[in-house]
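Written below as structure tokens is the structure these notes are about.
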Amino acid sequence: MLYFDCAGGAAGDMILAALIGAGASRERLIDGIEKLNIGAHAVIRETAKSGIRALSVAIETDDHHHAEDSHGHHSHRGLGAIMKMINDAALPDTVKENACAVFKRIAEAEAHVHGIPVEQIHFHEVGAIDSIADIVGAAILIDALKPSRILCSPVPSGHGEIKTQHGVLPNPAPATVEILRNMPTYRRDVAGELVTPTAAAIFAHYAGLFSMNVTGAVKAVGYGAGTKTFTGVSGLLRALIIDDNGNETVTARVLECNIDDMTPEALSHVLGVLMKNGADDAWLTPIVMKKGRPAYTLSMLTMRDDYSVFSDIMLRETTTLGLRIQPVDKVMLPREMKDVATEYGTVRVKIASAGGHLKMKPEFDDVQRIADERGVPFHRVYEAVIRAWKR
Numbered sequence: 464m465l466y467f468d469c470a471g472g473a474a475g476d477m478i479l480a481a482l483i484g485a486g487a488s489r490e491r492l493i494d495g496i497e498k499l500n501i502g503a504h505a506v507i508r509e510t511a512k513s514g515i516r517a518l519s520v521a522i523e524t525d526d527h528h529h530a531e532d533s534h535g536h537h538s539h540r541g542l543g544a545i546m547k548m549i550n551d552a553a554l555p556d557t558v559k560e561n562a563c564a565v566f567k568r569i570a571e572a573e574a575h576v577h578g579i580p581v582e583q584i585h586f587h588e589v590g591a592i593d594s595i596a597d598i599v600g601a602a603i604l605i606d607a608l609k610p611s612r613i614l615c616s617p618v619p620s621g622h623g624e625i626k627t628q629h630g631v632l633p634n635p636a637p638a639t640v641e642i643l644r645n646m647p648t649y650r651r652d653v654a655g656e657l658v659t660p661t662a663a664a665i666f667a668h669y670a671g672l673f674s675m676n677v678t679g680a681v682k683a684v685g686y687g688a689g690t691k692t693f694t695g696v697s698g699l700l701r702a703l704i705i706d707d708n709g710n711e712t713v714t715a716r717v718l719e720c721n722i723d724d725m726t727p728e729a730l731s732h733v734l735g736v737l738m739k740n741g742a743d744d745a746w747l748t749p750i751v752m753k754k755g756r757p758a759y760t761l762s763m764l765t766m767r768d769d770y771s772v773f774s775d776i777m778l779r780e781t782t783t784l785g786l787r788i789q790p791v792d793k794v795m796l797p798r799e800m801k802d803v804a805t806e807y808g809t810v811r812v813k814i815a816s817a818g819g820h821l822k823m824k825p826e827f828d829d830v831q832r833i834a835d836e837r838g839v840p841f842h843r844v845y846e847a848v849i850r851a852w853k854r
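Residue numbers (this note's numbering): 464 to 854.
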């Protein structure tokens, strides 16, 4: 597993340096940037930041103009021109697909912010040669590492305003905010840009989860040094290679309330509404409240950071006057779906591995549908799936 710890900020060049420090091939980066045919090359240096040994990566052109963090003049390019540049390079298809997807994400964010079609977006800072190299370089290095999955810490942001080619803008930049929509962020007392749009787009594209709770044995670590220095901020991006045995530990939230004045039918309706709106799970637990009154605890689980939709449903659809909201750690086995053919039809099964032992569970909806369609008992279809799987 690859984990980005971006508490100290992040920019495209920092991502490249951290990945190389964590074990990605610097030769592949240098060779890949040359294959872009944009008159640029990657220079990797050992350095120190906040007293920590780190790496820095600079994308240099013939005039040695580089650094994503500067706000000088940059060439302007449309999304189509950038994608053609990437697709014309002699790079693996996966690298080109991921790099183009990152640029498309940025273009869509810029288009939303400016209220114009994506086709009319011309990149400024992001369109510069160094940022093209940063995004393609990240795709090259991640492809070289081939992590089982990628996670990222919540993304920090500063405050105040920043100067860009669009003029003075609020910090973080509007495009950065749009890119990180629905992803966990937090403010730090720093008057500066802690995370650039390039870094935000790379994290948003690759990270399957943004969480502080990551468990496992650290196998390698790399530190990428930024070019900016802010008081109270390390200016380091950390990339960790973690052996988590394939298990996924995530932070979830449980919302619950006790109810003693609603019927089971009404509570069942609430469960359905919660699940329909994306709850990961919802359930009822019979309890005995004070004064010996029988009641239920209505509970639901979500891995969303924004759980307001669920709290609104529970407060609106039930008689409760309040909710308990608790963070919990959820450990999940790696799993995959496979089709199993039976004499009644094909059923999807969920397969997971725990300590080298396989677990298999037929999908309830498939078994129920086939049982209804064929007019056979549910248990016969279920047992047929088990037999077919064992064969």
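Just so it is clear, CB atoms sit at the ideal spot from N, CA and C, and this is done for glycine as well.
In whole angstroms, give me the CA-to-CA distance for Thr781 and Ser674. Translated into the one-based positions of the sequence shown, residue 781 becomes position 318. Translated into the one-based positions of the sequence shown, residue 674 becomes position 211. Going by the C-alpha atoms only, they are around 31 Å apart.
Is it the case that the CB of Leu761 approaches a heavy atom of the ligand GTP more closely than 6 Å? This structure simply doesn't include the ligand GTP, nor any ligand for that matter.
Just confirm the distance between the C-beta atoms of Ala636 and Ile625, as a whole number of angstroms; I'd bet it's less than 8 Å. Position 173 of the sequence shown holds residue 636. Position 162 of the sequence shown holds residue 625. That belief holds up - the Cβ atoms of Ala636 and Ile625 are roughly 6 Å apart, short of 8 Å.
Which residue marks the beginning of the alpha helix (DSSP H) containing Met436, and which one marks its end? Residue 436 lies beyond the stretch modelled for the chain, which goes from 464 to 854, so this question has no answer here.
Once you ignore the five residues that flank Leu737 on each side, which residues in its own chain have a CB closer than 8 Å to its CB? Along the sequence shown, one-based indexing puts residue 737 at 274. Taken in chain order, the residues that qualify are Ala745, Met763, Phe773, Ile776 and Met777.
At which residue ranges does the segment 590-640 contain complete beta strand (DSSP E) runs of 3 or more residues, listed in the order of the chain? Taking only runs of at least 3 residues, the beta strand (DSSP E) segments lying wholly in the segment 590-640 are 613-615, 618-620, 624-627 and 630-633.
First through last residue of the alpha helix (DSSP H) which encompasses Glu780: To locate residue 780, count along the sequence shown from 1; it is residue 317. Taken as a continuous stretch (DSSP letters only), the alpha helix (DSSP H) holding Glu780 covers Ser771 to Glu780.
What do you get for Ala729, buried or exposed, if any count of 16 or more other CB atoms within 10 angstroms of its CB means buried? Along the sequence shown, read from residue 1 onward, the residue named residue 729 stands at position 266. Under the 10 Å beta carbon count, Ala729 is surrounded by fewer than 16 other beta carbons and is classified as exposed.
Inter-residue spacing [alpha-carbon to alpha-carbon] between Arg516 and Arg832: Counting from 1 along the sequence shown, the entry for residue 516 is found at position 53. Counting from 1 along the sequence shown, the entry for residue 832 is found at position 369. In a straight line, the C-alpha of Arg516 is about 60 Å away from that of Arg832.
Can you name the start and end residues of the beta strand (DSSP E) that Pro825 belongs to? For the purposes of this step, residue 825 is taken as the residue at position 362 of the sequence shown. Looking at the DSSP string, the run of the beta strand (DSSP E) that includes Pro825 is His820 to Pro825.
Where His537 falls: helix, strand or coil (DSSP): The residue given as residue 537 occupies position 74 in the sequence shown. Here His537 scores only 46 on pLDDT, less than 50, and its place in the model should not be relied on; the value that follows carries that caveat. Correct three-state label for His537: coil.
Is Lys801 helix, strand or coil by DSSP? For the purposes of this step, residue 801 is taken as the residue at position 338 of the sequence shown. Strand.
C-beta atoms of Ile722 and Tyr770 nearer than 7 Å: The residue you call residue 722 lines up with position 259 of the sequence shown. The residue you call residue 770 lines up with position 307 of the sequence shown. Result no, Cβ atoms of Ile722 and Tyr770 do not sit closer than 7 Å.
Three-way DSSP call (helix, strand, coil) for His529 in this model: Here residue 529 refers to the residue found at position 66 when the sequence shown is read from its first residue. Model confidence at His529 stands at a pLDDT of 43, short of 50, so the residue's coordinates are unreliable and nothing is read from them.
Name the residue from His577, Pro580 and Arg612 whose alpha carbon lies nearest to the alpha carbon of Ile705. As a working mapping, residue 705 is identified with position 242 in the sequence shown. Closest option to Ile705, Cα to Cα, is Arg612.
Start-to-end residues for the beta strand (DSSP E) that takes in Ser762: To locate residue 762, count along the sequence shown from 1; it is residue 299. Residues Pro757 to Thr765.
DSSP has Ser674 in a bridge; who is on the other side? Here the question's residue 674 lines up with position 211 in the sequence shown. Its beta-bridge partners do not exist; DSSP assigns none.
In angstroms with no decimal places, state the Cα-to-Cα distance between Gly543 and Ala817. Locating residue 543 in the sequence shown gives position 80, where the first residue counts as 1. Locating residue 817 in the sequence shown gives position 354, where the first residue counts as 1. Taking the straight line joining both Cα atoms gives about 46 Å.
Can you tell me the Cα-Cα spacing of Leu643 and Thr805, whole angstroms? Position 180 of the sequence shown holds residue 643. Position 342 of the sequence shown holds residue 805. In a straight line, the C-alpha of Leu643 is about 45 Å away from that of Thr805.
Could you tell me the distance, in whole angstroms, from the CA atom of Gly578 to the CA atom of Glu641? Counting from 1 along the sequence shown, the entry for residue 578 is found at position 115. Counting from 1 along the sequence shown, the entry for residue 641 is found at position 178. Rounded to whole angstroms, Gly578 to Glu641 spans 13 Å at the Cα level.
Do the segment 644-653 and the segment 494-504 touch if we need at least three Cβ pairs shorter than 8 Å? Not touching, per the Cβ criterion.
Just checking my contact of Met548 with Ile595 at CB under 8 Å: how many whole Å lie between their CB atoms? Counted from its first residue, the sequence shown places residue 548 at position 85. Counted from its first residue, the sequence shown places residue 595 at position 132. In this structure Met548 is in contact with Ile595, their Cβ atoms being roughly 7 Å apart against a cut-off of 8 Å.
Return helix, strand or coil for Cys720, following the three-state DSSP convention. The residue you call residue 720 lines up with position 257 of the sequence shown. In the three-state reduction of the DSSP assignment, Cys720 falls in the strand class, which pools E and B.
Here's the rule I'm using: 16 or more other beta-carbon atoms within 10 Å means buried, otherwise exposed. How should Ile788 be labelled? The residue you call residue 788 lines up with position 325 of the sequence shown. Looking at its Cβ environment, which holds fewer than 16 other Cβ atoms inside 10 Å, Ile788 is exposed.
Would you please state the rounded distance, in angstroms, between the beta carbons of Val658 and Ala602? I believe it to be under 8 Å. Counting from 1 along the sequence shown, the entry for residue 658 is found at position 195. Counting from 1 along the sequence shown, the entry for residue 602 is found at position 139. Between the beta-carbon of Val658 and that of Ala602 there is about 19 Å, and that puts the pair past the 8 Å contact cut.
Straight-line gap, Val618 to Tyr649 (C-alpha atoms, nearest Å): In the sequence shown, the residue the question calls residue 618 occupies position 155. In the sequence shown, the residue the question calls residue 649 occupies position 186. Each residue's alpha carbon lies about 6 Å from the other.
So Val848 packs on Val810, CB below 8 Å; how close in whole Å? Here residue 848 refers to the residue found at position 385 when the sequence shown is read from its first residue. Here residue 810 refers to the residue found at position 347 when the sequence shown is read from its first residue. That pair is a contact at about 5 Å.
Contact defined as beta carbons within less than 8 Å: I believe Ile478 pairs with Ile665. What is the distance between those atoms, to the nearest angstrom? Position 15 of the sequence shown holds residue 478. Position 202 of the sequence shown holds residue 665. Contact check for Ile478 and Ile665: beta-carbon distance about 6 Å, within the 8 Å limit, so the pair qualifies.
Okay, do the segment 508-522 and the segment 561-569 touch, 3+ Cβ pairs below 8 Å being the bar? Segments in contact, no.
By DSSP, does Pro727 sit in helix, in strand, or in coil? The residue given as residue 727 occupies position 264 in the sequence shown. It is helical.
Using three-state DSSP, classify Thr659 as helix, strand or coil. Walking along the sequence shown from the start, residue 659 turns up at place 196. In the three-state DSSP reduction, Thr659 falls in the coil class, being neither helix nor strand.
Simplified DSSP assignment, three categories, for Ile849: Residue mapping note: residue 849 aligns to position 386 of the sequence shown, counting from 1. For Ile849, the secondary structure class from DSSP, reduced to helix, strand or coil, is helix.
DSSP beta-bridge partners of His577: Taking the first residue of the sequence shown as position 1, residue 577 is located at position 114. Per DSSP, His577 has no beta bridge partner at all.
Between which two residues does the beta strand (DSSP E) carrying Gly687 extend? Mapped onto the sequence shown, residue 687 falls at position 224. Note, Gly687: beta strand (DSSP E), Ala680 to Ala688.
Who are the Cβ neighbours of Thr639 in its own chain at under 6 Å, not counting the five residues just before and after it? Locating residue 639 in the sequence shown gives position 176, where the first residue counts as 1. Pro660 and Ala663, listed in sequence order.
Return the residue from the list Asp828, Gly785, Ser616 and Asp724 that minimises the CA-CA distance to Val751. Translated into the one-based positions of the sequence shown, residue 751 becomes position 288. Per the Cα distances, Asp724.
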